[in-house]
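Numbering (the working numbering), first residue to last: 13 to 453. I have placed the structure first, in the form of structure tokens, so that the comments after it can refer back to it.
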Amino acid sequence: MIYRILKFLIAIGIRLYYGEIRVKNKHNLPSNGPLIIILNHPNTLMDAWVVGMICKQPIYYMAKATLFDSKLKLKLLRGLNMIPINRQGEGKIEGVDNDDSLSECYKVLSEGKTLLIFPEGTSYKERVLRKLKTGTARIALETEKRNEGKLGLKVVAIGLNYSAQEKFRSNILIDIDKPRGVTDYLEEYKKDSITASRKLTSQFRTRLEKVLLTTETTEEEELVESIYKVINSRYVKSKDRKKGVQGEVTQMKEIKNRIDEIKILQPWIIEEIRIKIKSINWKLEKMHIRADFLDRKFRSAMFFRQLFSSVIFILIALPIAFFGIIHNILQYLLSDWLIPKLSTDVEYYAPLAVLVGLVIYPLSYTSFLFLGHYLFDLRFFGLMIYLFIMPISGLFAYWFFKYLRHISYKWQYMFLMVDRKDTMSDLQQEKARLKDLIFDT
13 MIYRILKFLI AIGIRLYYGE IRVKNKHNLP SNGPLIIILN HPNTLMDAWV
63 VGMICKQPIY YMAKATLFDS KLKLKLLRGL NMIPINRQGE GKIEGVDNDD
113 SLSECYKVLS EGKTLLIFPE GTSYKERVLR KLKTGTARIA LETEKRNEGK
163 LGLKVVAIGL NYSAQEKFRS NILIDIDKPR GVTDYLEEYK KDSITASRKL
213 TSQFRTRLEK VLLTTETTEE EELVESIYKV INSRYVKSKD RKKGVQGEVT
263 QMKEIKNRID EIKILQPWII EEIRIKIKSI NWKLEKMHIR ADFLDRKFRS
313 AMFFRQLFSS VIFILIALPI AFFGIIHNIL QYLLSDWLIP KLSTDVEYYA
363 PLAVLVGLVI YPLSYTSFLF LGHYLFDLRF FGLMIYLFIM PISGLFAYWF
413 FKYLRHISYK WQYMFLMVDR KDTMSDLQQE KARLKDLIFD T
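Rendered as structure tokens:
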């Protein structure tokens, strides 16, 4: 009961916090067990919540024992289907025994339920897929062994690709691989459990890399992201390119694959790419425009019409945005102030924002409802409409300020194209040369 209530509330929080949440190949996710879900782990608690949100069946989670450091937490988290495990180097938590926890995992899977495990073990905000622990493979193979290989246990790999995991209204692509059994390794496991577990773990890694945008190092990650930010453009049409977060991940994979090829065939070009990226970004910052504006076609009459229409829209939309600010700004600022005090780790920012928001926003909205009833004598239907409008107007206000920033870039671009056309032309050519250097080398 507690699990279902919290799943519902957290799902609301996730959908409000993130913008686009796209699930790719959802048909690959079984709706019943016995099933082990493996996934990458860049965003602490949020990773488990996101997968729990898209799964119909209840999920059991393996979690580090340090989360269960009091009797109250132990009781609460156990009610949320969380199974504690003492990790090497973190000491032992009273009341947590690894043998008992592993036995519970075998039992959960043998009963046809679903178990979620993070084979990396720890959470890091990066696209580097770290070394996988062999524990997941051992649990899968031991469960099949105890059921004489007749259980039909499946393992499904899920890749969580965040555009900017800690940022409000950023996007997520959830990519799901086909479920596979583990019995091919069972006979070897009976003879040599260590070797069989390592081989299965290697397969897990290959499957996770298939559904993820991964890099070998954080330096490579920074290079791929910096290239994407410069060459990506909403103003370049492509029939083959998908829209939204799926298109973003696809394009970044293409960049990553191309960088890998260049490193092998022409490694000296990598430094030239870094220099060009740095030069373009420096000029863009000085000019106060975005990189994608370099791909816009400029016609002064069209720009003036667009800007005039934008001014009219801003004047009309301003009261709605102001309403949203009044009803949401205090909660937003309070959350922004409180979360860094609760944890300095960026990996905890998004889950803490959702948890804090689930407390602060309902309390503040309830206060506004009381004021609405007291000051304006609003009745049930009026209060329900008021309650519905408050969060919607808050999201609109957030979008509205992003729109104002976009218009400011558009104004700046127009002035630059009129007053410094040659400089803009040089910068456009520099961006074109960067593309040629990466994709036509």
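In this text, a Cβ means the ideal position worked out from N, Cα and C, and glycines have one as well.
A direct Cα-Cα distance of roughly 26 Å separates Gly107 from Ile17. Inter-residue distance for Cys117 and Asp452 is about 51 Å (C-alpha atoms, whole angstroms). When Cβ pairs closer than 8 Å are counted between the two stretches, the stretch 39–59 is seen to touch the stretch 129–136, the count reaching three or more.
Note: Met74 is bridge-paired with Ile95 in the DSSP secondary-structure output. Going by C-alpha positions, His300 is about 15 Å away from Val430. Annotation for Leu446: the continuous alpha helix (DSSP H) segment containing it runs 433–451. The C-beta of Val323 has fewer than 16 other C-beta atoms within 10 Å across all chains shown, which makes the residue exposed. Per the C-alpha coordinates, the member of Arg219, Pro363, Ile105 positioned closest to Leu79 is Ile105.
Taking C-beta atoms as the reference points, Pro191 and Pro70 fail to come closer than 9 Å. In the DSSP assignment, Leu383 falls outside any beta strand (DSSP E) and lies within the alpha helix (DSSP H) extending over 361–388. For Leu346, the enclosing alpha helix (DSSP H) starts and ends at 312–354. Looking only at Ile271, Ile292, Leu185, Ser245, the smallest Cα-Cα distance to Asp307 is reached by Ser245.
Distances from the alpha-carbon of Asn44 to those of Arg90, Gly161, Val167 put Val167 closest. Within its own chain, the residues whose Cβ lies closer than 8 Å to the Cβ of Ser122, once the five positions on either side in sequence are excluded, are Pro46, Thr155, Arg158, Asn159, Leu163, listed in chain order. A distance below 7 Å between beta-carbons, with the five flanking residues on each side excluded, links Thr146 to the following residues of its chain, in chain order: Ser209, Arg210, Thr213. With three or more CB-CB distances shorter than 8 Å, the stretch 213–222 counts as touching the stretch 164–183. Checking the DSSP bridge columns, you'll see Gly171 partnered with Asp187. With a cutoff of 9 Å on beta-carbon distance, Ile285 and Leu449 are scored as near each other. Straight across, the Cα-Cα distance linking Ile188 with Leu407 is about 29 Å. In this structure, the beta-carbon distance from Met402 to Phe382 does not fall below 9 Å. Nearest C-alpha to Gly124 among Pro331, Arg99, Tyr72: Tyr72.
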